[in-house]
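With positions in the sequence shown counted from 1, the corresponding number in my numbering is that position plus 288. Beta carbons are placed, not taken as given, at the ideal position from N, Cα and C, and that holds for glycine. These notes concern the structure reproduced below.
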Amino acid sequence: MPNVEKMSLALTAQQAAMMREAVSTGAYATTSEIVREAMRDWEAKWVARNEEIRRLRALWDEGKASGPAEPLDFEELRKEARAKLKGASRHGA
């Protein structure tokens, strides 16, 4: 394993017991393997979360740059949305 850094972490008694059980049953070779898998899962969530934040910020900036808001007729908006939904359901979308 290249570039490994040793760290210490604290677990609850239940978490430690679950890790020992996973190793003793052969589901994992070592507790380190469990931690590495957990870190990969966490990293994927962290990356996805940060990408979503970047996407939302870009949309926010785009909205702000589009100029001031204009009055909106909500009844007309509903009609347009219903028409789009009706058209989409006809085309199997």
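Quick check on residue i: buried or exposed, where buried means 16 or more other Cβ atoms within 10 Å of its Cβ?
i: M306; result: exposed
Hey, residue i and residue j: beta-carbon distance below 9 Å or not?
i: V311; j: T300; result: no
By DSSP, does residue i sit in helix, in strand, or in coil?
i: E350; result: helix
i: N338; result: helix
i: A301; result: helix
i: S296; result: coil
i: D361; result: coil
i: A310; result: helix
i: G375; result: helix
Relative to the alpha-carbon of residue i, which residue among the options has its alpha-carbon at the smallest distance?
i: M295; options: A346, Q303, V323, A369; result: V323
i: L297; options: N291, G314, M327, R370; result: M327
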